[in-house]
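Okay, structure first, notes after.
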């Protein structure tokens, strides 16, 4: 009975976290009807209704939410403890799902993951790019990457990758036609391209004079929602853009764009990889973190 309850509780937690029977059944590799039967058995054994179900949605009852809040940390601990045994078998295995902003994917991960994939063939690495703020637990992710000031509360976080600065960039043709701004205040006379975050906020243009950090509003007739579109617009001479250091390196080397106002760029610090607090860190995630940090020459925390 205890083993059956543990299995059913794991299924119950999966439904809450993924938001549907179908998604949970897929993760657990059972049919939706079999999963529904397991939840009914759990409710019958506990003599309380745990989930409110309709044809389109599923949500926990008050009792279900209370149960989930109590048992989900223990379920994650047990899962982590079992996964930690991977090191004593054939090495890290399973699927590792990461939610990262496009900038981090390009600057931190893209140059570093070849070695990890080569050395860990039994790990399926899924990198999902998303510039918004995502609940990694509800989204079924093992970890996320963000700047320190945007980390979700209550998470374990470790520095990952090099220190990052923004860059203001323009094409040689644009600068030939409109002149080169010598300080941030000159941007008022230029067509500055806006980057729109998923939540609807326009990315700020950050500067420093060496002592003070300040943000300037810009004038521009183009707003885009992806860093790649921003780079394409700058390359095509539409206006001036701002991107993170490392994103435009290839275009700079080819002479398609040039950095400007370099002495006014602040230090953003490093990206951080974060994940729910737990006693046992899954072997695949631990190995991934160590591999990427080693590539970037990082030690400590």
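Numbering (this note's numbering), first residue to last: 211 to 511.
By construction, the Cβ of each residue, glycine as well, lies at the ideal position given by its N, Cα and C atoms.
Practice prompt. Might you give, ordered along the chain, the residues of its own chain that have their beta carbon closer than 7 angstroms to the beta carbon of residue 461, omitting 5 neighbours on each side?
Written response: 441, 445, 467
Worksheet item: What are the start and end residues of the beta strand (DSSP E) that includes residue 310?
Response: 304-310
Discussion item. Applying the 10 Å Cβ sphere with the 16-neighbour rule, what's the burial state of residue 355?
Written reply: buried
Item to complete: Report the rounded CA-to-CA distance for residue 492 versus residue 248, giving the unit in angstroms.
Response: 27 angstroms
Worksheet item: What are the boundary residues of the beta strand (DSSP E) that includes residue 317?
Response: That residue, residue 317, is in no beta strand (DSSP E); it is neither H nor E in DSSP.
Worksheet item: What separation, rounded to the nearest whole angstrom, lies between the Cα atoms of residue 260 and residue 219?
Response: 11 angstroms
Discussion item. With three or more C-beta pairs closer than 8 angstroms as the rule, is the stretch 336-349 touching the stretch 408-419?
Written reply: yes
Item to complete: State the start and end residues of the unbroken beta strand (DSSP E) segment that holds residue 377.
Response: 376-380
Item to complete: Determine the DSSP secondary structure at residue 217, reduced to helix, strand or coil.
Response: helix
Practice prompt. Measuring alpha carbon to alpha carbon, tell me which of 375, 400, 374 ends up nearest residue 386.
Written response: 400
Practice prompt. From the DSSP output, read off the bridge partner residues of residue 354.
Written response: 309, 484
Fill in: Closest residue to residue 301 among 508, 495, 505 (Cα-Cα distance)
495
Practice prompt. Mind checking which residues open and close the alpha helix (DSSP H) that includes residue 500?
Written response: 493-505
Discussion item. Starting from residue 397, trace the alpha helix (DSSP H) in both directions and tell me its first and last residue.
Written reply: Segment: none, residue 397 is in no alpha helix (DSSP H) and carries neither H nor E.
Fill in: Beta-carbon gap between residue 499 and residue 448 smaller than 8 angstroms
no
Fill in: Cα-Cα separation, residue 241 to residue 452
49 angstroms
Worksheet item: Of all the options 360, 417, 359, which has the alpha carbon lying nearest to the alpha carbon of residue 377?
Response: 417
Practice prompt. Please say whether residue 352 and residue 308 have beta carbons closer to each other than 8 angstroms?
Written response: yes
Worksheet item: Per DSSP, residue 339 forms a beta bridge with which residues?
Response: 310
Worksheet entry | residue 503 to residue 334 span [Cα, whole Å] | 19 angstroms
Item to complete: Report yes if the CB atom of residue 364 is closer than 8 angstroms to the CB atom of residue 236, and no otherwise.
Response: no
Fill in: DSSP three-state assignment for residue 229, whether helix, strand or coil
coil
Fill in: Simplified DSSP state of residue 391, which is helix, strand or coil
coil
Item to complete: Spatial neighbours of residue 388 within its chain, please: CB distance less than 7 angstroms, with the 5 preceding and 5 following residues excluded, ordered by chain position.
Response: 400
Discussion item. Tell me the rounded alpha-carbon separation between residue 370 and residue 313.
Written reply: 13 angstroms
Worksheet item: Nearest CA to the CA of residue 269: which residue from 223, 472, 346?
Response: 223
Discussion item. By the DSSP assignment, the beta strand (DSSP E) with residue 424 in it spans what residues?
Written reply: 423-426
Worksheet entry | Status (buried if at least 16 other CB within 10 Å, exposed otherwise) for residue 435 | exposed
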